[in-house]
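Heads up, the thing below is written out as structure tokens.
Residue numbers (the numbering used here): 17 to 382.
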């Protein structure tokens, strides 16, 4: 899979930019502030309809405007597609695929797959659970775009249930109100058990790759493991029926506490991924260098799993090499060689190993 052409209009700092990419590795080099990361962010946005840097679309649009455009020529399995995405904020985005407007922008999901590694990925180790949930959910969406519907239905139901819990907390719950809550409970259990089951299955697909890349990138004898962490589920693998039954039981047990607090206290929205280095929590235990190795191993694990599933995703290494020592650089080079398309960003050429400089895109100060 590759992007051969990319056009940006009013995306971030780029008023108008047209680029051509060759297969293999392209290194985008330029001073800070020239928009290197913005270019690869646009490619990643085409794949996921989300940014790895911000939670809303507003910052993606050039200051003072309400619309930006990202267009690309994509080659997948030797077939070419033209994608044109208009970002409206506020408003609804619009996607045109091969000249036809899609009914829903999310219908584009699955056409392009990217795996992006950036300095923000240190939050996978040092940050909050929401970052790690997003990690496994994005992987799940890449494997099966319909997963985005599962997650959105769960989030919609969760919001409605929390609204009802808040209203119940202001008065003594009647039988009618409890019946309404039980109806929402069943919807939450249905969507939530599907969400958790998918996460568990897809995490299992990553585990051997995580262990392998942890050893390759760090070269350490400290094994790397990632487990699904939930306060309400048993540790052993369980079926979707067992997940649903346990979820339902926990909701019943916590009814009084949830009414008092006006919020749902149990469910996949509170789960986490536990990252262990030599059976110690990586958060607080791993050094800065080890944290970088772990983050790279996690992203390369997703890349490998997606490669097995379908085709080489576009691998994006955003300002990575400047932070790596020589040992980790060498090991990363070995891993990424032979990838169909890799996009690298760097402030200066010296930050990137010479073997990766065959195709260069230089952004100057003009």
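Here a beta-carbon is modelled for each residue, glycine too, at the ideal position from N, C-alpha and C.
Open item on the list: Looking at residue 359: is its Cβ nearer than 8 Å to the Cβ of residue 44?
Closed with: yes
Open item on the list: Using a 10 Å radius around the Cβ and a threshold of 16 neighbouring Cβ atoms, would you call residue 93 buried or exposed?
Closed with: exposed
Task: 8 Å Cβ cutoff met for residue 288 and residue 148 - done: yes
Open item on the list: Taking 8 Å as the threshold (C-beta atoms), are residue 298 and residue 152 in contact?
Closed with: Not in contact: residue 152 and residue 298 (Cβ atoms no closer than 8 Å).
Open item on the list: Looking at the secondary structure, which residues open and close the beta strand (DSSP E) in which residue 299 lies?
Closed with: Here residue 299 belongs to no beta strand (DSSP E); instead the alpha helix (DSSP H) covers 298-301.
Task: Length of the line joining the Cα atoms of residue 122 and residue 65 - done: 7 Å
- [ ] Within the same chain, show all residues whose beta-carbon is closer than 7 Å to that of residue 54, passing over the 5 residues directly before and after it, in chain order.
- [x] Same-chain partners within the cutoff: 27, 28, 29 and 30.
Open item on the list: Closer than 8 Å is the cut-off here; do at least three beta carbon pairs connect the segment 272-280 with the segment 96-115?
Closed with: Result no; under three Cβ-Cβ pairs closer than 8 Å.
Open item on the list: Can you tell me which residues form a DSSP beta bridge with residue 230?
Closed with: The partner list for residue 230 (beta bridge, DSSP) is empty, contrary to what the question assumes.
- [ ] Locate the alpha helix (DSSP H) running through residue 325, then write down its first and last residues.
- [x] 304-325
Open item on the list: According to DSSP, residue 100 sits in a beta bridge with which residue or residues?
Closed with: 87 and 112
Open item on the list: Using 8 Å as the threshold, is the C-beta distance between residue 188 and residue 267 below it?
Closed with: In this structure, residue 267 does not lie closer than 8 Å to residue 188 by Cβ.
Task: Straight-line Cα distance separating residue 336 from residue 41 - done: 14 Å
Task: Close Cβ partners of residue 52 (< 7 Å) along its chain, the five nearest in sequence each way excluded - done: 44, 46, 361 and 379
Task: Coil, strand or helix - residue 365 by DSSP - done: Helix, per DSSP.
Task: Three-state secondary structure (DSSP) of residue 244 - done: strand
Task: residue 356 versus residue 39 - alpha carbon distance - done: 6 Å
TODO: Identify, in the order they occur along the chain, each residue of the same chain with its Cβ nearer than 7 Å to the Cβ of residue 173, setting aside the five sequence neighbours on each side.
DONE: 200, 203, 204 and 207
TODO: Please say whether residue 270 and residue 244 have beta carbons closer to each other than 8 Å?
DONE: no
Task: Classification of residue 322 by the beta-carbon crowding that lies within 10 angstroms, buried from 16 upward - done: buried
- [ ] Determine, using beta carbons only, whether residue 61 and residue 86 come nearer to each other than 8 Å.
- [x] yes
- [ ] Determine which residues share a DSSP beta bridge with residue 30 and list them.
- [x] BP columns for residue 30 point to 27.
Open item on the list: Just verifying my parser: in three-state terms, what is the DSSP assignment at residue 266?
Closed with: Reduced to three states, the DSSP call for residue 266 is helix.
Open item on the list: Let's test the definition: count the other Cβ atoms within 10 Å of the Cβ of residue 11 and tell me whether it reaches 16, buried, or not, exposed.
Closed with: This structure gives no information on residue 11, because the portion of the chain shown stretches from 17 to 382.
TODO: Report the rounded CA-to-CA distance for residue 114 versus residue 97, giving the unit in angstroms.
DONE: 6 Å
Open item on the list: Is the separation between the beta-carbon of residue 347 and that of residue 235 shorter than 8 Å?
Closed with: yes
Open item on the list: I need the straight-line Cα distance from residue 183 to residue 339, nearest angstrom please.
Closed with: 50 Å
Task: Proximity of residue 133 and residue 333 at Cβ, strictly below 8 Å - done: yes
Open item on the list: Suppose contacts are defined by Cβ-Cβ distances below 8 Å. Is residue 138 in contact with residue 88 by that definition?
Closed with: no
- [ ] Check the C-beta distance from residue 364 over to residue 331 and give it rounded, since I have them as a contact under 8 Å.
- [x] With 8 Å as the limit, residue 364 and residue 331 do not qualify as a contact, their Cβ atoms being about 21 Å apart.
- [ ] State yes or no: is the C-beta of residue 385 within less than 8 Å of the C-beta of residue 318?
- [x] Here the chain has residues from 17 to 382 only, and residue 385 is not among them.
Task: Beta-carbon proximity check, residue 84 vs residue 25, cutoff 8 Å - done: Between residue 84 and residue 25, the C-beta spacing is below 8 Å.
Task: Backbone secondary structure at residue 151 - three-state DSSP - done: In this structure, residue 151 counts as helix in the three-state DSSP scheme.
- [ ] Starting from residue 271, trace the alpha helix (DSSP H) both ways and give me its first and last residue.
- [x] 271-277
- [ ] Give a yes or no on whether the minimum CB-CB distance between residue 159 and chain D is below 8 Å.
- [x] Looking for chain D here will not work: only one protein chain is present.
Task: Exposure label - residue 302; buried when at least 16 CB within 10 Å - done: buried
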